[in-house]
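In the numbering used here, the protein residues as written are 17 to 391.
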Ligand SMILES: NC(=O)c1ccc[n+]([C@@H]2O[C@H](COP(=O)([O-])OP(=O)(O)OC[C@H]3O[C@@H](n4cnc5c(N)ncnc54)[C@H](O)[C@@H]3O)[C@@H](O)[C@H]2O)c1
């Protein structure tokens, strides 16, 4: 099969779907890998490295899109890419069809087969969505590193080193949410010797995490009283919760910021505008922070792209087995054999097979397990 990899065109997106060391995995199966020139640049990979690995370097995106049978990328399909969608193309990428109505229209109109990598599942109850989990972990870690940076006096902070230093109290870092991002943040914050609190409403998640975190991490039930306690004594509050976007209340209100210590900060990894944190508004890597009620807020909504090389390595290694299965067996057989891949099936020759999107956008849809059985 002809596999195509293009340079991502989304603003500040530096990841690439395949790293050079994974190219031979396709070649060994008798496939050809076509990659747009410069596709790996943002992650530090040169055309030469891809060529040496056996890929064919193409001069532009159009050549890749029109040659590929399987288009394998990272981010959503953006308007300049719509014209390349066609009914004999399989696409594997993050799609998020439920929040991109126009993209969903184009996928369905074109008749392509589209598989959303964010919805590819796994049997591991602690990692149900493996291709999202690993990016979340990087975002959480990046959130802690942002706090470490902005706490420095040379970067506008009070000059507090977020680490265990003899002669002073350990800084307190409170993390709301014990999911992938929260645990990523807690892992680095605790490794630096901070006093770390992780708060969740899910006891099972906290009990599981407690088994492998060091004793400088405690686990608290997330309720209003405990959140207020954390706001009062924390040096950093990191919001890592999965927020229900239909909610109109908040966990941290503007008024609550007045309880925080001078120089304390909010790192909003979850980053829902006026969501769990009332004063949150998404920011970019170019302009990452702002102050509300004197409290620094860091609300960058694509933290992993700051770590594009590491993110590309994770993305490529995690998604490779699924892309290889499609290449080796053909998309229909791969979907029949692999229920986890099938969970990501979004569009199949004009039929919507992503249940959540059908419900949210009030469109007709087919349940993928039943649908694929009949192919
Ligand atoms: N900024 C970025 O670059 C970036 C990157 C990746 C993920 N995210 C976002 O981070 C958020 C969290 O992602 P995740 O993968 O960790 O999700 P997750 O589902 O693994 O974890 C979320 C946790 O929040 C907990 N939670 C729900 N309500 C709570 C409450 N009231 N108090 C405390 N905890 C509560 C849940 O029980 C769950 O354990 C998502 O919104 C995701 O989109 C942001």
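Glycine included, each C-beta is placed from N, C-alpha and C at the ideal position.
Checklist entry - Taking C-alpha atoms, which residue in 196, 311 and 243 lies nearest to residue 256? => result On the chain shown, residue 256 is found 240 positions in, with the first residue counted as 1. It is 196.
Item to check | 6 Å CB neighbourhood of residue 235 in its chain, flanking five on each side removed | outcome: For this step, residue 235 is matched to residue 219 along the chain shown. Cβ within range, chain order: 214, 222 and 226.
Next on the checklist: Let me check one thing: in DSSP terms, what residues is residue 132 bridge-paired to?
Outcome noted: The sequence position of residue 132 within the chain shown is 116, counting from 1. Per DSSP, 109.
Item to check | Cβ shell of residue 373 (< 8 Å), same chain only, five flanking positions each side left out | outcome: Taking the chain shown and counting its residues from 1, the one referred to as residue 373 is at position 357. Once the five neighbours on either side are set aside, the close Cβ partners of residue 373 are 113, 114, 120, 362, 379 and 381.
Item to check | CA-to-CA distance, residue 249 to residue 151, given in whole angstroms | outcome: Looking up residue 151 in the chain shown gives position 135. Looking up residue 249 in the chain shown gives position 233. For residue 151 and residue 249, the distance between alpha carbons rounds to 30 Å.
Next on the checklist: Please tell me whether, using a cut-off of 8 Å, the distance from the CB of residue 79 to the nearest non-hydrogen atom of ligand 1 is below it.
Outcome noted: If you number the chain shown from 1, residue 79 lands on position 63. Because no heavy atom of ligand 1 lies under 8 Å away, the Cβ of residue 79 does not count as near it: no.
Next on the checklist: Which residue marks the beginning of the beta strand (DSSP E) containing residue 233, and which one marks its end?
Outcome noted: For the purposes of this step, residue 233 is taken as the residue at position 217 of the chain shown. Start and end: 233-237.
Item to check | Chain-order list of residues whose beta-carbon lies under 6 Å from that of residue 100 (same chain, five-residue window excluded) | outcome: Taking the chain shown and counting its residues from 1, the one referred to as residue 100 is at position 84. Cβ within range, chain order: 81.
Checklist entry - Does DSSP put residue 190 in a helix, a strand or coil? => result As a working mapping, residue 190 is identified with position 174 in the chain shown. In this structure, residue 190 counts as strand in the three-state DSSP scheme.
Item to check | Three-state secondary structure assigned by DSSP to residue 17 | outcome: Position 1 of the chain shown, counted from the start, is the residue given in the question as residue 17. It is coil, neither helix nor strand.
Checklist entry - By how many angstroms is the C-alpha of residue 386 removed from the C-alpha of residue 93? => result Locating residue 93 in the chain shown gives position 77, where the first residue counts as 1. Locating residue 386 in the chain shown gives position 370, where the first residue counts as 1. Taking the straight line joining both Cα atoms gives about 27 Å.
Next on the checklist: Within 8 Å, do at least three Cβ pairs link the region 39-58 to the region 332-348?
Outcome noted: yes
Item to check | residue 270 (DSSP reduced to helix, strand or coil) | outcome: Numbered from its first residue, the chain shown carries residue 270 at position 254. Note: residue 270 maps to helix in three-state DSSP.
Checklist entry - Who are the near neighbours of residue 317 in its chain, counting only those whose CB is closer than 6 Å to its CB and skipping five residues on each side? => result The residue you call residue 317 lines up with position 301 of the chain shown. Result list for residue 317: 287 and 298, in chain order.
Checklist entry - What residue range is occupied by the uninterrupted alpha helix (DSSP H) comprising residue 48? => result In the chain shown, residue 48 corresponds to position 32, counting from 1. Not the alpha helix (DSSP H): residue 48 falls in the beta strand (DSSP E), residues 48-52.
Item to check | Of the residues 371, 85, 239 and 352, the one placed nearest residue 193, counting alpha carbons only | outcome: What you label residue 193 is simply residue 177 of the chain shown in a count that begins at 1. Residue 193 has its Cα closest to that of 239, out of 371, 85, 239 and 352.
Next on the checklist: Taking 8 Å as the cut-off, is the beta-carbon of residue 215 closer than that to any non-hydrogen atom of ligand 1?
Outcome noted: Taking the chain shown and counting its residues from 1, one reaches residue 215 at position 199. At least one heavy atom of ligand 1 is nearer than 8 Å to the Cβ of residue 215, so yes.
Checklist entry - Rounded to a whole number of angstroms, what is the C-alpha to C-alpha distance between residue 275 and residue 292? => result Counted from its first residue, the chain shown places residue 275 at position 259. Counted from its first residue, the chain shown places residue 292 at position 276. If you take the alpha carbons of residue 275 and residue 292, they lie about 17 Å apart.
Checklist entry - First and last residue of the beta strand (DSSP E) that includes residue 255? => result One-based indexing of the chain shown puts residue 255 at position 239. 252-255 is the extent of the beta strand (DSSP E) around residue 255.
Next on the checklist: Less than 9 Å between the beta carbons of residue 284 and residue 311, yes or no?
Outcome noted: Within the chain shown, residue 284 is the residue found at index 268, counting from 1. Within the chain shown, residue 311 is the residue found at index 295, counting from 1. No, the pair does not count as a contact, with Cβ atoms beyond the cut-off.
Checklist entry - Counting Cβ pairs, one atom from each stretch, are 3 or more of them under 8 Å apart for the region 341-353 and the region 322-332? => result no
Item to check | Supposed contact pair residue 319 and residue 159 - C-beta distance, whole angstroms, cut 8 Å | outcome: Position 143 of the chain shown, counted from the first residue, corresponds to residue 159. Position 303 of the chain shown, counted from the first residue, corresponds to residue 319. That belief holds up - the Cβ atoms of residue 159 and residue 319 are roughly 6 Å apart, short of 8 Å.
Item to check | Spatial neighbours of residue 23 in its chain, beta-carbon cut-off 6 Å, leaving aside the 5 residues before and after | outcome: Counting from 1 along the chain shown, the entry for residue 23 is found at position 7. Contacts found: 52, 54 and 55.
Checklist entry - Got a sec? Which residues, its chain only, sit under 7 Å from residue 130 by beta carbon, not counting five neighbours each side? => result By one-based count along the chain shown, residue 130 stands at place 114. Excluding residues within five positions, the ones whose Cβ falls inside 7 Å are 107, 111, 123, 362 and 363.
Item to check | Near ligand 1: residue 190 beta-carbon under 8 Å from a heavy atom | outcome: As a working mapping, residue 190 is identified with position 174 in the chain shown. Incorrect: residue 190 has no Cβ contact closer than 8 Å to ligand 1.
Checklist entry - Quick one: is the Cβ of residue 218 within less than 8 Å of any heavy atom of ligand 1? => result Here residue 218 refers to the residue found at position 202 of the chain shown. Result yes, Cβ under 8 Å from ligand 1.
Checklist entry - By how many angstroms is the C-alpha of residue 321 removed from the C-alpha of residue 347? => result Residue 347 sits at position 331 when you count from the first residue of the chain shown. Residue 321 sits at position 305 when you count from the first residue of the chain shown. Using only the alpha carbons, I get a separation of about 29 Å.
Checklist entry - Between the C-alpha atoms of residue 218 and residue 252, what's the straight-line distance to the nearest angstrom? => result Here residue 218 refers to the residue found at position 202 when the chain shown is read from its first residue. Here residue 252 refers to the residue found at position 236 when the chain shown is read from its first residue. The straight-line gap from Cα to Cα measures roughly 22 Å.
Next on the checklist: Do residue 127 and residue 365 count as a contact pair if the criterion is CB distance below 9 Å?
Outcome noted: Your numbering for residue 365 matches position 349 in the chain shown. Your numbering for residue 127 matches position 111 in the chain shown. Yes, the pair counts as a contact, with Cβ atoms nearer than the cut-off.
Item to check | Where residue 21 falls, given that 16 or more other Cβ within 10 Å makes a residue buried | outcome: Within the chain shown, the letter at position 5 stands for residue 21. So residue 21 counts as buried.
Checklist entry - Under a Cβ-count criterion, where at least 16 other Cβ atoms within 10 Å of its own Cβ denotes burial, should residue 60 be classed as buried or exposed? => result In the chain shown, the residue the question calls residue 60 occupies position 44. With fewer than 16 other Cβ atoms within 10 Å, it is exposed.
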